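*Asks:*
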Amino acid sequence: MITTMFNSLIGQDEVKRQLSFYAKAQNKTGVAPFLMMSGAKGLGKTEFAKEYASNLKNKDGSKRPFLEVNCSTIKNANAFFEQIFLPIVMHNEVTILLDEAHMLPKDLVNAFLTVFNTEKGSYKEYHHAEQIFAFDFAKQNFIFATTELDKLFAPFKDRLTIVDFKPYTVDELSEIVDLVCGEIDFEDGLLTEIAETTRGNARSAVKRSKEVVLYCESNNKKDYAKKDWQAMSYTLGIKPLGLSNIEIEILSILKERGNCSLQMLSAVTGMSRTAIQKEAELYLLKRGLMKINGQREISGKGINILQKLS
Ligand SMILES: Nc1ncnc2c1ncn2[C@@H]1O[C@H](COP(=O)(O)OP(=O)(O)OP(=O)(O)O)[C@@H](O)[C@H]1O
Ligand SMILES: [Mg+2]
Numbered sequence: 354m355i356t357t358m359f360n361s362l363i364g365q366d367e368v369k370r371q372l373s374f375y376a377k378a379q380n381k382t383g384v385a386p387f388l389m390m391s392g393a394k395g396l397g398k399t400e401f402a403k404e405y406a407s408n409l410k411n412k413d414g415s416k417r418p419f420l421e422v423n424c425s426t427i428k429n430a431n432a433f434f435e436q437i438f439l440p441i442v443m444h445n446e447v448t449i450l451l452d453e454a455h456m457l458p459k460d461l462v463n464a465f466l467t468v469f470n471t472e473k474g475s476y477k478e479y480h481h482a483e484q485i486f487a488f489d490f491a492k493q494n495f496i497f498a499t500t501e502l503d504k505l506f507a508p509f510k511d512r513l514t515i516v517d518f519k520p521y522t523v524d525e526l527s528e529i530v531d532l533v534c535g536e537i538d539f540e541d542g543l544l545t546e547i548a549e550t551t552r553g554n555a556r557s558a559v560k561r562s563k564e565v566v567l568y569c570e571s572n573n574k575k576d577y578a579k580k581d582w583q584a585m586s587y588t589l590g591i592k593p594l595g596l597s598n599i600e601i602e603i604l605s606i607l608k609e610r611g612n613c614s615l616q617m618l619s620a621v622t623g624m625s626r627t628a629i630q631k632e633a634e635l636y637l638l639k640r641g642l643m644k645i646n647g648q649r650e651i652s653g654k655g656i657n658i659l660q661k662l663s
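The opening position of the sequence shown corresponds to residue 354 in the working numbering, with each subsequent residue numbered one higher.
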C-alpha cells in the first residue's frame, strides 16, 4: 500500500504499513483495534502514535482531537473515571494515548479487562461507583504505549493489538541525522560514523544531531568534517559506537587480564553479575566486540576499538 502517512518519519516500515492500514480502516468503518505500541526507549512510539492519531477523522470529516496521558500520573481507577474519562472522553470524539501503560494502576487494568472485551460490537458500559461510564469505540480511539510489554497483565495484553518497534539500522539513523541537521554538509562516511554512536535509537540520533547543529552554529560552519567530529566527540565524551564507560572498562579488563569468568568481571568492576549481563555485555556482544565461550573473551574488533580510544 502506497501511503503518504508517516512521510516525515524514517524506517519502521512494518509499523507504518500496520498503522496506515488501521487508520484507513478506521476512517472508512469507524472502528480500529486497541493498539499497543511496544518497544525500547526512544524508538518513536509516541511520535508514531501522534502521527497516526493526526490521520484519524471524526464522523463529520474533521480531525479527531488527541489526548496524551502518562499512566504514572493516574492514581487509581476512580481518578481515571472522574478526572479523565468523565470530563474529556465520554460522549466525545477523541483519540487517547495512554503512555507508559505498564504503570497503569491495578484496579484500572481490571476495569479495562471488562471495557476492552468487545467481541460483540463497539459499545461498552462500565459500572463503577454507582455510575455508568459509556465507552463508544466508534467515537473513542484508545492507544497504549510501553517499553515493558512483559510487565503487562497477560489477559489485558490479549485484548490489544501489538505494534512492535525495532531498533533502527545505521543507514536509517544516518537519514535521521541528515534530516535533523538540515543544511549541514557532511564529509564522506561521517554520517555513518555519527549514526553508529546512537545505538539504534532515534532519540539519541535526534539528540546527537542537535549537538552537531549547535557546534556548527557556534563555529559559523555549514560543512562538518572529520576533524569537527573528533573535536566534538572529545569535548562531549562521545565514544566510538557510542560505547559507555562501563562497556569500555569491561573491554579493558578483558584485554589486560585475558579471558575472564562472569564472576571475575563482577569482582573487578564491583557490578552485580546480572547488571553486567543486562547492562554491559549485551551491546558488546551485539557489536562483536567480545565473545562468550564459557569465559568472556575480547575480539579483534574489541581490541581495535580500545586502540582508537587510547
Ligand atoms: N522514525 C523516526 N524518524 C525520525 N525521527 C524519529 C523517528 N522516531 C522517533 N523519532 C524522534 O525521536 C525522538 C524520540 O521519539 P519518541 O519520543 O516517539 O520515542 P518513544 O519510543 O516514545 O520513547 P520513550 O519510550 O522514551 O517514551 C523524538 O524526537 C522523535 O521525533
Ligand atoms: Mg514515548
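The beta-carbon is built from N, C-alpha and C at its ideal position, and this holds for glycine as well.
What you are looking at is a predicted structure, and each value in this text was computed from that prediction instead of being measured.
1) Is residue 454 near ligand 1, going by C-beta to nearest heavy atom under 7 Å?
2) Once you ignore the five residues that flank residue 600 on each side, which residues in its own chain have a CB closer than 7 Å to its CB?
3) In the stretch 455 to 532, which residue ranges form an unbroken beta strand (DSSP E) of at least 3 residues, counting only runs that do not cross its ends?
4) Ignoring anything shorter than 3 residues, give me the beta strand (DSSP E) runs that lie fully in the stretch 361 to 437, in order along the chain.
5) Mark residue 649 as exposed unless 16 or more other C-beta atoms lie within 10 angstroms of its C-beta, in which case mark it buried.
6) Is any non-hydrogen atom of ligand 1 found closer than 7 Å to the C-beta of residue 365, if you look at the structure I gave you?
7) What does the alpha-carbon distance come out to for the pair residue 420 and residue 545?
8) Quick one: residues with CB closer than 5 Å to any heavy atom of ligand 1, in chain order, please.
9) Around the Cβ of residue 536, are there at least 16 other Cβ atoms within 10 angstroms (buried) or fewer (exposed)?
10) Can you tell which of 567, 397, 475 has the C-alpha that lies nearest to the C-alpha of residue 362?
11) Could you tell me the alpha carbon to alpha carbon distance between residue 511 and residue 504, rounded to whole angstroms?
12) Would you mind working out which of 494, 392, 551, 588 sits nearest residue 365, comparing C-alpha positions?
13) Mark residue 484 as exposed unless 16 or more other C-beta atoms lie within 10 angstroms of its C-beta, in which case mark it buried.
14) Assign residue 446 to one of three DSSP states: helix, strand, or coil.
15) Starting from residue 561, trace the alpha helix (DSSP H) in both directions and tell me its first and last residue.
16) For residue 355, which residues of its own chain have a beta-carbon under 8 Å away from its beta-carbon, when the five flanking residues on both sides are left out?
17) Considering only DSSP beta bridges, list what residue 643 is partnered with.
18) Measure the alpha-carbon distance for residue 593 versus residue 643 and round it to whole angstroms.
19) Name the DSSP bridge partner or partners of residue 359?
20) If we ignore side chains and look at the alpha-carbon of each, how far apart do residue 657 and residue 573 end up?
21) How about residue 447 and residue 493: do their beta carbons lie closer than 8 Å?
22) Cβ of residue 619 within 8 Å of Cβ of residue 606?
23) What residue range does the alpha helix (DSSP H) around residue 543 cover?
24) Under the rule that 16 or more other beta-carbon atoms within 10 Å means buried, what is residue 538, buried or exposed?
25) Along the chain, where does the alpha helix (DSSP H) containing residue 585 start, and where does it finish?
26) Helix, strand or coil for residue 354 per DSSP?
27) Give me the Cβ distance between residue 409 and residue 445, rounded to the nearest whole Å; I'm assuming they're in contact under 8 Å.
28) Out of 459, 555, 621, 571, which has the shortest C-alpha to C-alpha gap to residue 394?
29) Measure how close the beta-carbons of residue 388 and residue 566 come, nearest whole angstrom, since I'm counting them as under 8 Å.
30) Return yes when at least one heavy atom of ligand 2 lies under 7 Å from the C-beta of residue 491, else no.
*Replies:* Looking at the atomic coordinates:
1) One-based indexing of the sequence shown puts residue 454 at position 101. Residue 454: no, Cβ never under 7 Å from ligand 1.
2) The count along the sequence shown starts at 1 and reaches residue 600 at position 247. Contacts found: 633, 636, 637.
3) 476 to 481, 484 to 489, 493 to 499, 514 to 517
4) As far as the stretch 361 to 437 is concerned, its whole beta strand (DSSP E) runs of at least 3 residues are 388 to 391, 419 to 423.
5) Here residue 649 refers to the residue found at position 296 when the sequence shown is read from its first residue. By the neighbour-count rule (16 or more Cβ atoms within 10 Å), residue 649 is buried.
6) Residue 365 sits at position 12 when you count from the first residue of the sequence shown. Because some heavy atom of ligand 1 lies under 7 Å away, the Cβ of residue 365 counts as near it: yes.
7) Numbered from its first residue, the sequence shown carries residue 420 at position 67. Numbered from its first residue, the sequence shown carries residue 545 at position 192. Looking at the two C-alpha atoms, the distance is approximately 37 Å.
8) These are the residues, in chain order, with a beta carbon less than 5 Å from any non-hydrogen atom of ligand 1: 362, 363, 394, 395, 396, 397, 398, 399, 400, 500, 529, 555, 556, 559.
9) Against the sequence shown, residue 536 aligns to sequence position 183. Exposed: under 16 other Cβ atoms inside 10 Å.
10) If you number the sequence shown from 1, residue 362 lands on position 9. Per the Cα distances, 397.
11) Position 158 of the sequence shown, counting from 1, holds the residue named residue 511. Position 151 of the sequence shown, counting from 1, holds the residue named residue 504. The straight-line gap from Cα to Cα measures roughly 13 Å.
12) Mapped onto the sequence shown, residue 365 falls at position 12. Ranking the options by Cα distance to residue 365, first place goes to 392.
13) On the sequence shown, residue 484 is found 131 positions in, with the first residue counted as 1. Answer is exposed; the Cβ neighbour count stays below 16.
14) Numbered from its first residue, the sequence shown carries residue 446 at position 93. It is coil, neither helix nor strand.
15) Walking along the sequence shown from the start, residue 561 turns up at place 208. Counting along the chain, the unbroken alpha helix (DSSP H) around residue 561 starts and ends at 555 to 571.
16) Along the sequence shown, read from residue 1 onward, the residue named residue 355 stands at position 2. Because residue 355 sits at a pLDDT of 46, beneath the cut-off of 50, its placement in the model cannot be relied upon, and the following sentence gives the value as read from the coordinates. So the list is empty, once near-sequence residues are dropped.
17) The residue labelled residue 643 in the question sits at position 290 within the sequence shown. 651.
18) For this step, residue 593 is matched to residue 240 along the sequence shown. For this step, residue 643 is matched to residue 290 along the sequence shown. Each residue's Cα considered, the two are about 15 Å apart.
19) On the sequence shown, position 6 is the one that residue 359 refers to. The partner list for residue 359 (beta bridge, DSSP) is empty, contrary to what the question assumes.
20) Counting from one through the sequence shown, the residue named residue 657 turns up at place 304. Counting from one through the sequence shown, the residue named residue 573 turns up at place 220. Approximately 34 Å between the Cα atoms of the pair.
21) Along the sequence shown, one-based indexing puts residue 447 at 94. Along the sequence shown, one-based indexing puts residue 493 at 140. Yes; because the gap between Cβ atoms is below 8 Å, this pair is in contact.
22) For the purposes of this step, residue 619 is taken as residue 266 along the sequence shown, with counting starting at 1. For the purposes of this step, residue 606 is taken as residue 253 along the sequence shown, with counting starting at 1. No, these two residues do not count as a Cβ contact at 8 Å.
23) Taking the sequence shown and counting its residues from 1, the one referred to as residue 543 is at position 190. Start and end: 543 to 549.
24) For the purposes of this step, residue 538 is taken as the residue at position 185 of the sequence shown. With fewer than 16 other Cβ atoms inside 10 Å of its own Cβ, residue 538 counts as exposed.
25) As a position in the sequence shown, residue 585 is number 232, starting the count at 1. That run of the alpha helix (DSSP H) goes 579 to 589.
26) The sequence position of residue 354 within the sequence shown is 1, counting from 1. Caution is warranted here: a pLDDT of 46 is assigned to residue 354, below 50, making its placement in the model unreliable, and the coordinate value is therefore given only provisionally. In the structure shown, residue 354 sits in coil (DSSP, three-state: anything other than H, G, I, E or B).
27) Working through the sequence shown from its first residue, we reach residue 409 at position 56. Working through the sequence shown from its first residue, we reach residue 445 at position 92. About 13 Å separates the two Cβ atoms, so there is no contact after all.
28) Locating residue 394 in the sequence shown gives position 41, counting from the first residue. The shortest Cα separation from residue 394 among 459, 555, 621, 571 belongs to 555.
29) Taking the first residue of the sequence shown as position 1, residue 388 is located at position 35. Taking the first residue of the sequence shown as position 1, residue 566 is located at position 213. About 33 Å; that fails the 8 Å criterion.
30) Walking along the sequence shown from the start, residue 491 turns up at place 138. Result no, Cβ not under 7 Å from ligand 2.
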